[in-house]
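S.K.: Under my numbering, think of the first position of the sequence shown as 5, with each following residue one higher. Ideal placement from N, C-alpha and C gives every residue a C-beta, glycine not left out. Below are the structure tokens for one structure; questions will follow.
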Amino acid sequence: MSFQQYYAPITANTRLATNTYLIRLHAPALAEAIRPGQFIMIRMPNSSDPLLGRPFALYDTFIDMKKGRPTGIDVVYLVVGKITKLLANLKVGAAVEVWGPLGNGFPDPVGADHVALVAGGIGQTPFLAHIRELLGARGYGGQTPRRRVQKVSLYYGVRTANLAAGVDDFKNAGATVHLASNDGSVGHHGFVTDLLVKHDAPQHLFGCGPEPMLHALAKQAEARGIPCHLSLETPMACGVGICFSCVTAVKTSDGWDYKRVCVDGPVFDAKCLQW
Ligand SMILES: Cc1cc2nc3c(=O)[nH]c(=O)nc-3n(C[C@H](O)[C@H](O)[C@H](O)COP(=O)(O)OP(=O)(O)OC[C@H]3O[C@@H](n4cnc5c(N)ncnc54)[C@H](O)[C@@H]3O)c2cc1C
Ligand code: FES
Numbered sequence: 005m006s007f008q009q010y011y012a013p014i015t016a017n018t019r020l021a022t023n024t025y026l027i028r029l030h031a032p033a034l035a036e037a038i039r040p041g042q043f044i045m046i047r048m049p050n051s052s053d054p055l056l057g058r059p060f061a062l063y064d065t066f067i068d069m070k071k072g073r074p075t076g077i078d079v080v081y082l083v084v085g086k087i088t089k090l091l092a093n094l095k096v097g098a099a100v101e102v103w104g105p106l107g108n109g110f111p112d113p114v115g116a117d118h119v120a121l122v123a124g125g126i127g128q129t130p131f132l133a134h135i136r137e138l139l140g141a142r143g144y145g146g147q148t149p150r151r152r153v154q155k156v157s158l159y160y161g162v163r164t165a166n167l168a169a170g171v172d173d174f175k176n177a178g179a180t181v182h183l184a185s186n187d188g189s190v191g192h193h194g195f196v197t198d199l200l201v202k203h204d205a206p207q208h209l210f211g212c213g214p215e216p217m218l219h220a221l222a223k224q225a226e227a228r229g230i231p232c233h234l235s236l237e238t239p240m241a242c243g244v245g246i247c248f249s250c251v252t253a254v255k256t257s258d259g260w261d262y263k264r265v266c267v268d269g270p271v272f273d274a275k276c277l278q279w
């Protein structure tokens, strides 16, 4: 485990959709090290309310064109509780405490030409950097860019149209985007997993979103014989493996055991999870 703690100044905090914002943090060493699928913890400095930090996925790193290297971390957050409410009120020039990079990140899909990413709710956030890495547009964590697959499709389900955040970013990154909504206000009327099943099978699936969606995706992947990795959004307290507040049950040779999502995940092979 190799992570560092930073005091990161905010260089942007802009609205993307209803209650959804992109915050850009100046943290050059973190931006150089982090990979798609990894996350950071964010905490308010000089405050004990809330006491604990919260986990947020890497949306993308920001490249300073003058320096020719990443200097910032972009995070997209949905306002749901204490820290996200505070974040939404922070202005450029304020700062937050962050620590990272944390977690394992997405594995390379082996032997796949077409990969599908399936997102529900705020679960689209880990996929922008992932698309850029898969299509070879960007290298992360000091790696040179390398195209890993020919095609990336993003299946993105939201409750209603005005919660869809970053759709143009995903299209501009080269993904074919399919939208679904619970109320039919955008794209397919219904669950994103029902939209996925209507399309040709990809050779690898990645998912992130609410647990019922991940269950449905894992079942579909098993039925269609498609390898599938899931990024879990389990609540966390420390983010670094110390507190055991983030455990999830996984299959073992003699039954099941717990793994810590913050250090053994957040990305797991769907076959290993004990639902
Ligand atoms: C690896 C990982 C990556 C993540 N990436 C992202 C990301 O990129 N973007 C993102 O937006 N989220 C992400 N999350 C989820 C995010 O960490 C949580 O939503 C986090 O709890 C938000 O912090 P908060 O302080 O705003 O909410 P909290 O105060 O912790 O509230 C969390 C939940 O409790 C509910 N709640 C809070 N207060 C009350 C109350 N008084 N009564 C009833 N319910 C209440 C809220 O509605 C919310 O659903 C990620 C989680 C993980 C594990
Ligand atoms: S959040 Fe503390 S061990 Fe995972």
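How would you write the range of the alpha helix (DSSP H) that Glu-237 sits in, first residue to last?
M.R.: To locate residue 237, count along the sequence shown from 1; it is residue 233. Segment: none, Glu-237 is in no alpha helix (DSSP H) and carries neither H nor E.
S.K.: Which of the three DSSP states is assigned to Asp-117 in this structure?
M.R.: Indexing the sequence shown from 1 puts residue 117 at position 113. Coil, per DSSP.
S.K.: In the region 169 to 202, which residue ranges form an unbroken alpha helix (DSSP H) of at least 4 residues, counting only runs that do not cross its ends?
M.R.: Counting only runs of 4 or more, we get 171 to 176 and 196 to 201.
S.K.: In chain order, what residues of the same chain have a beta carbon less than 7 Å from the beta carbon of Gly-145, not counting five sequence neighbours either side?
M.R.: Here residue 145 is taken as the residue at index 141 of the sequence shown, counted from 1. So the qualifying residues of the chain are Ala-37, Ile-38 and Arg-39.
S.K.: When you compare each of Ala-61, Tyr-25 and Pro-130 to Asn-166 by their alpha carbons, which one comes out closest?
M.R.: Walking along the sequence shown from the start, residue 166 turns up at place 162. Comparing Cα positions, the closest option is Tyr-25.
S.K.: Quick check for students: name the residue ranges of the beta strand (DSSP E) that lie wholly in the region 10 to 92, counting only runs of 3 or more.
M.R.: Fully enclosed beta strand (DSSP E) runs of 3 or longer: 24 to 30, 43 to 47, 58 to 61, 64 to 68 and 73 to 82.
S.K.: With a threshold of 7 Å on Cβ separation, who are the neighbours of Ala-253 within its own chain once the five nearest residues in sequence on each side are excluded?
M.R.: Taking the first residue of the sequence shown as 1, we reach residue 253 at position 249. Counting only Cβ-Cβ distances below 7 Å, and skipping sequence neighbours, we find Trp-260, Tyr-262 and Gln-278.
S.K.: Cα-Cα, which of Cys-247, Ile-14, Phe-7 and Asp-273 is closest to Ala-98?
M.R.: Position 94 of the sequence shown holds residue 98. Checked all of Cys-247, Ile-14, Phe-7 and Asp-273; the closest Cα to Ala-98 is Ile-14.
S.K.: Closer than 8 Å by C-beta to Gly-140: which residues in its own chain qualify, once you throw out the five before and the five after it? Chain order, please.
M.R.: If you number the sequence shown from 1, residue 140 lands on position 136. Counting only Cβ-Cβ distances below 8 Å, and skipping sequence neighbours, we find Pro-149, Arg-150, Arg-151 and Arg-152.
S.K.: Looking only at its own chain, which residues have a Cβ that is under 7 Å from the Cβ of Leu-236, when we skip the five neighbours before and after it?
M.R.: By 1-based counting over the sequence shown, the position of residue 236 is 232. Within the same chain, Leu-236 has close Cβ partners Thr-252, Val-265, Gly-269, Pro-270 and Phe-272.
S.K.: List the whole-angstrom C-beta distance separating Val-84 from Leu-20, where the pair is believed to meet the contact cut-off of C-beta under 8 Å.
M.R.: Counted from its first residue, the sequence shown places residue 84 at position 80. Counted from its first residue, the sequence shown places residue 20 at position 16. Rounded, the Cβ-Cβ distance is 15 Å, inconsistent with contact.
S.K.: Is the beta carbon of Leu-200 closer than 8 Å to that of Val-122?
M.R.: For the purposes of this step, residue 122 is identified with residue 118 of the sequence shown, where counting begins at 1. For the purposes of this step, residue 200 is identified with residue 196 of the sequence shown, where counting begins at 1. Yes; because the gap between Cβ atoms is below 8 Å, this pair is in contact.
S.K.: If we count the other Cβ atoms within 10 Å of its Cβ and call it buried at 16 or more, is Gln-128 buried or exposed?
M.R.: For the purposes of this step, residue 128 is taken as the residue at position 124 of the sequence shown. Gln-128 comes out buried.
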